[in-house]
Amino acid sequence: MNSLTDSGALYDRLIVDRARTPLHAGRLEQADAQGEGKNPLCGDKTRVDVQMADTHISQIRHQTRGCAICLAAADLMAERVTGLTVPQAQDLSRRFSAMLVNEPASTPDTNTNTPALGPLEAFAPLRAHRARIRCAELPWVALKEALSHVDV
Amino acid sequence: MSMASTQDKVRQDLDVAAIRQQFPILSQKVHDRPLVFLDSAASAQKPEAVIEAMAHTMRCQYANIHRGLYWMSERTTEAYEAVRDQVARFLNAHSREEIVFTRNSTEAINLVAHSFGALLKPGQAVVISEMEHHANLIPWQMLRDRAGIELRVAPITDAGDIDLDALQGLLADGKVALVAMTHMSNVLGTVTPAKTIADMAHAAGAQVLFDGSQSVVHRKTDVQALGADFYTFTGHKLYGPTGIGVLWARKELLEAMPPFMGGGDMISTVTFEKSTWANVPHKFEAGTPAIIETIGLGAAISWVEAIGFEAIGAHEAALTVHALTRLADVPGLKIVGQPKERGGVISFTMDDVHPHDIATLLDRNGIAVRAGHHCAEPLMRRLGLTATARASFGIYTLPEEIDTLADTLVRIRNFFV
Numbered sequence: 005m006n007s008l009t010d011s012g013a014l015y016d017r018l019i020v021d022r023a024r025t026p027l028h029a030g031r032l033e034q035a036d037a038q039g040e041g042k043n044p045l046c047g048d049k050t051r052v053d054v055q056m057a058d059t060h061i062s063q064i065r066h067q068t069r070g071c072a073i074c075l076a077a078a079d080l081m082a083e084r085v086t087g088l089t090v091p092q093a094q095d096l097s098r099r100f101s102a103m104l105v106n107e108p109a110s111t112p113d114t115n116t117n118t119p120a121l122g123p124l125e126a127f128a129p130l131r132a133h134r135a136r137i138r139c140a141e142l143p144w145v146a147l148k149e150a151l152s153h154v155d156v
Numbered sequence: 078m079s080m081a082s083t084q085d086k087v088r089q090d091l092d093v094a095a096i097r098q099q100f101p102i103l104s105q106k107v108h109d110r111p112l113v114f115l116d117s118a119a120s121a122q123k124p125e126a127v128i129e130a131m132a133h134t135m136r137c138q139y140a141n142i143h144r145g146l147y148w149m150s151e152r153t154t155e156a157y158e159a160v161r162d163q164v165a166r167f168l169n170a171h172s173r174e175e176i177v178f179t180r181n182s183t184e185a186i187n188l189v190a191h192s193f194g195a196l197l198k199p200g201q202a203v204v205i206s207e208m209e210h211h212a213n214l215i216p217w218q219m220l221r222d223r224a225g226i227e228l229r230v231a232p233i234t235d236a237g238d239i240d241l242d243a244l245q246g247l248l249a250d251g252k253v254a255l256v257a258m259t260h261m262s263n264v265l266g267t268v269t270p271a272k273t274i275a276d277m278a279h280a281a282g283a284q285v286l287f288d289g290s291q292s293v294v295h296r297k298t299d300v301q302a303l304g305a306d307f308y309t310f311t312g313h314k315l316y317g318p319t320g321i322g323v324l325w326a327r328k329e330l331l332e333a334m335p336p337f338m339g340g341g342d343m344i345s346t347v348t349f350e351k352s353t354w355a356n357v358p359h360k361f362e363a364g365t366p367a368i369i370e371t372i373g374l375g376a377a378i379s380w381v382e383a384i385g386f387e388a389i390g391a392h393e394a395a396l397t398v399h400a401l402t403r404l405a406d407v408p409g410l411k412i413v414g415q416p417k418e419r420g421g422v423i424s425f426t427m428d429d430v431h432p433h434d435i436a437t438l439l440d441r442n443g444i445a446v447r448a449g450h451h452c453a454e455p456l457m458r459r460l461g462l463t464a465t466a467r468a469s470f471g472i473y474t475l476p477e478e479i480d481t482l483a484d485t486l487v488r489i490r491n492f493f494v
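Each protein sequence line maps, in turn, to chains A and B.
For this note's numbering, add 4 to where a residue sits in the first sequence, where the first one is 1.
For this note's numbering, add 77 to where a residue sits in the second sequence, where the first one is 1.
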């Protein structure tokens with residue numbers, strides 16, 4: 005199958021697996037905040053439920069209808085931001101976007117001690133697919149909206 | 078038919094190899110693979126004849142038109158106006174005065190919605206269909222909201238044909254002033270029964286407009302035989318440049334309609350108190366037009382006519398049969414729509430694989446297709462889909478390219494499912 009996807013490596017195994025079998029899909033009955041992202045160009049849609057424990061995000065679930073990139077982005081986002089504070093999640097979001105548009109490697113904000121992008125780096129090859137960047141960013145749009153409703 | 082026999086059938090109709098040599102872009106590589114361009118319904122590639130005609134104009138024979146009193150302007154005006162004659166013949170219009178140059182088909186429909194729309198009264202209705210491109214939907218919605226007319230939507234059948242009985246019902250109260258419909262769907266490939274629709278519209282006292290953006294590319298268009306009142310198409314799908322489209326309308330209609338845009342070239346006399354309009358078609362062509370693109374369109378029409386619609390139609394029909402045969406063998410692939418008459422446009426879905434993922438992975442293999450809602454969101458909703466992938470064919474499409482598409486789709490499905 006390498007010949008199908010080589011050179012771009014966009015459809016990393018992790019991305020395909022998470023699109024097929026998401027680990028953080030669903031709803032949270034006790035959500036503290038919700039956010040939605042819609043892409044009118046392709047009809048993709050994601051809804052993010054966030055639960056807070058004090059100043060930290062304790063749980064995230066997403067309901068996503070979309071392409072493999074969008075589904076996996078939502079799932080890996082949920083995984084990565086769980087346990088972070090709101091400023092840390094916002095910083096991670098900025099660095100994720102910067103990675104997609106190929107800005108010089110932006111370092112974590114030392115004030116927030118945000119962890120590294122980690123598995124989110126699987127989306128780096130999207131740089132070469134500008135039309136698809138919005139697919140990976142859609143869940144982050146929903147998260148941004150959800151976090152704007154959180155009082156911390 | 079077997080795969081080999083449908084391939085052979087394609088070969089008989091046209092010397093595709095010779096045609097492909099006239100398209101410099103087709104020898105490009107994409108991601109180190111030969112380009113397989115299956116998105117001609119979005120915009121077709123351009124032959125040397127078109128590129129050269131435009132370059133020649135800019136190099137050797139260019140000035141503004143209609144006003145220059147010098148040799149170069151007169152020659153350019155002649156070249157520009159000669160295309161109007163050419164388009165009139167191409168559509169079998171009654172006269173050259175019926176040809177209005179626009180920016181594209183979208184602008185042509187907006188012109189009709191604005192200027193013919195200005196003649197409509199509240200309570201009158203416009204009928205479109207469920208499978209219109211947004212270009213033949215939004216201008217009518219805007220007119221409805223501005224002028225208080227009613228917008229009616231003729232349903233399609235599950236197969237993707239216009240429901241003619243339902244259309245008849247929408248026409249019954251005699252309030253319909255215009256039926257505006259696609260002549261060939263950009264999503265389903267459906268070729269609509271234009272003559273029948275025109276007869277139904279006229280019997281109900283309505284005018285009829287056909288959006289010919291897709292269909293003019295594939296078949297001889299005769300606006301008189303179709304019984305059309307308005308007909309629109311765009312240059313860039315017809316192997317011509319972007320930025321040039323055509324509105325054909327019966328002269329009486331154009332004369333009765335107020336101008337669309339105001340400015341230079343569309344006037345007769347101008348004072349601060351009052352201005353009068355130029356005769357048709359110039360009344361509808363404000364400002365310096367797309368001179369170079371118009372000349373490019375003329376070259377594209379000459380090029381297409383030299384090949385002939387008989388050969389083009391046969392080639393594309395054979396390609397479509399070959400594609401339907403090959404795609405039917407791809408596991409999990411569903412072709413969207415089974416219209417009675419279809420052009421070289423095939424939309425499909427493949428299990429749960431999102432059309433955008435299909436398109437991106439095809440692209441990695443050099444294959445260009447369209448994926449999304451194809452500017453026809455209400456149709457997608459009617460079909461219960463959010464998006465499809467779409468392969469569309471042109472004069473230069475090879476049966477082997479369709480084989481490459483089908484083989485790659487099988488691999489993509491194996492990758493995801």
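The beta-carbon is built from N, C-alpha and C at its ideal position, and this holds for glycine as well.
Here the structure is a predicted model, which is why all the values come from computation and not from measurement.
Starting from the C-beta of residue i, find all residues in its chain whose C-beta is less than 8 Å away, skip the five residues before and the five after it, and write them out in chain order.
i, result
"residue 305(B)", "271, 275, 285, 286, 287, 325"
"residue 235(B)", "none"
"residue 125(B)", "99, 100, 101"
"residue 5(A)", "Reliability of the predicted coordinates at residue 5(A) is poor, the pLDDT of 42 falling under 50, and no value is obtained from them."
"residue 151(A)", "37, 39, 54, 90, 93, 94"
"residue 11(A)", "Here the model assigns residue 11(A) a pLDDT of 41, short of 50, so the residue's position is not dependable, and the following value carries that caveat. There are no such residues."
"residue 207(B)", "230, 231, 232, 233, 455, 456, 459"
"residue 61(A)", "54, 55, 85, 86, 87, 88, 89, 90, 93"
"residue 330(B)", "193, 284, 306, 307"
"residue 169(B)", "298, 299, 300, 301, 302"
Ignore the nearest five residues each way along the sequence and tell me which others in residue i's own chain have a CB closer than 6 Å to its CB.
i, result
"residue 261(B)", "268, 291, 292, 420"
"residue 30(A)", "65"
"residue 244(B)", "231"
"residue 308(B)", "287, 289, 300, 325"
"residue 278(B)", "256, 285"
"residue 78(A)", "50, 66, 68, 143"
"residue 346(B)", "353"
Check this for me: beta carbons of residue i and residue j, under 8 Å apart or not?
i, j, result
"residue 131(A)", "residue 104(A)", "yes"
"residue 487(B)", "residue 466(B)", "no"
"residue 471(B)", "residue 121(B)", "yes"
"residue 404(B)", "residue 483(B)", "yes"
"residue 71(A)", "residue 108(B)", "no"
"residue 48(A)", "residue 139(A)", "yes"
"residue 165(B)", "residue 176(B)", "yes"
"residue 93(B)", "residue 380(B)", "no"
"residue 136(A)", "residue 437(B)", "yes"
"residue 172(B)", "residue 328(B)", "yes"
"residue 362(B)", "residue 321(B)", "no"
Among the options, whose alpha-carbon lies nearest the alpha-carbon of residue i?
i, options, result
"residue 222(B)", "198(B), 93(B), 383(B), 380(B)", "198(B)"
"residue 455(B)", "110(B), 215(B), 192(B)", "215(B)"
"residue 494(B)", "125(A), 40(A), 24(A), 94(A)", "24(A)"
"residue 68(A)", "99(A), 81(A), 134(A)", "81(A)"
"residue 255(B)", "217(B), 240(B), 490(B)", "217(B)"
"residue 475(B)", "396(B), 408(B), 428(B)", "396(B)"
"residue 429(B)", "44(A), 75(A), 14(A)", "75(A)"
Could you please give the first and the last residue of the uninterrupted beta strand (DSSP E) stretch that includes residue i?
i, result
"residue 308(B)", "307–311"
"residue 227(B)", "227–231"
"residue 43(A)", "37–43"
Please return the same chain residues whose Cβ sits closer than 7 Å to the Cβ of residue i, not counting the five positions on each side in sequence.
i, result
"residue 368(B)", "142, 153, 157"
"residue 35(A)", "53, 54, 55"
"residue 238(B)", "267, 416, 417"
"residue 145(A)", "41"
Report back the beta-carbon spacing between residue i and residue j to the nearest angstrom; my notes put them in contact at under 8 Å.
i, j, result
"residue 195(B)", "residue 335(B)", "5 Å"
"residue 202(B)", "residue 229(B)", "5 Å"
"residue 469(B)", "residue 116(B)", "6 Å"
"residue 131(B)", "residue 318(B)", "6 Å"
"residue 200(B)", "residue 252(B)", "6 Å"
"residue 427(B)", "residue 398(B)", "About 20 Å; that fails the 8 Å criterion."
"residue 400(B)", "residue 423(B)", "6 Å"
Can you name the start and end residues of the alpha helix (DSSP H) that residue i belongs to?
i, result
"residue 163(B)", "148–168"
"residue 149(A)", "137–152"
"residue 142(B)", "Premise fails: residue 142(B) is in no alpha helix (DSSP H) and is neither H nor E."
"residue 410(B)", "Note, residue 410(B): premise wrong, no alpha helix (DSSP H); beta strand (DSSP E) at 410–412."
Please determine whether the Cβ atom of residue i lies at a distance below 7 Å from any heavy atom of the ligand SAM.
i, result
"residue 382(B)", "Although the ligand SAM was asked about, the structure shown includes no ligands whatsoever."
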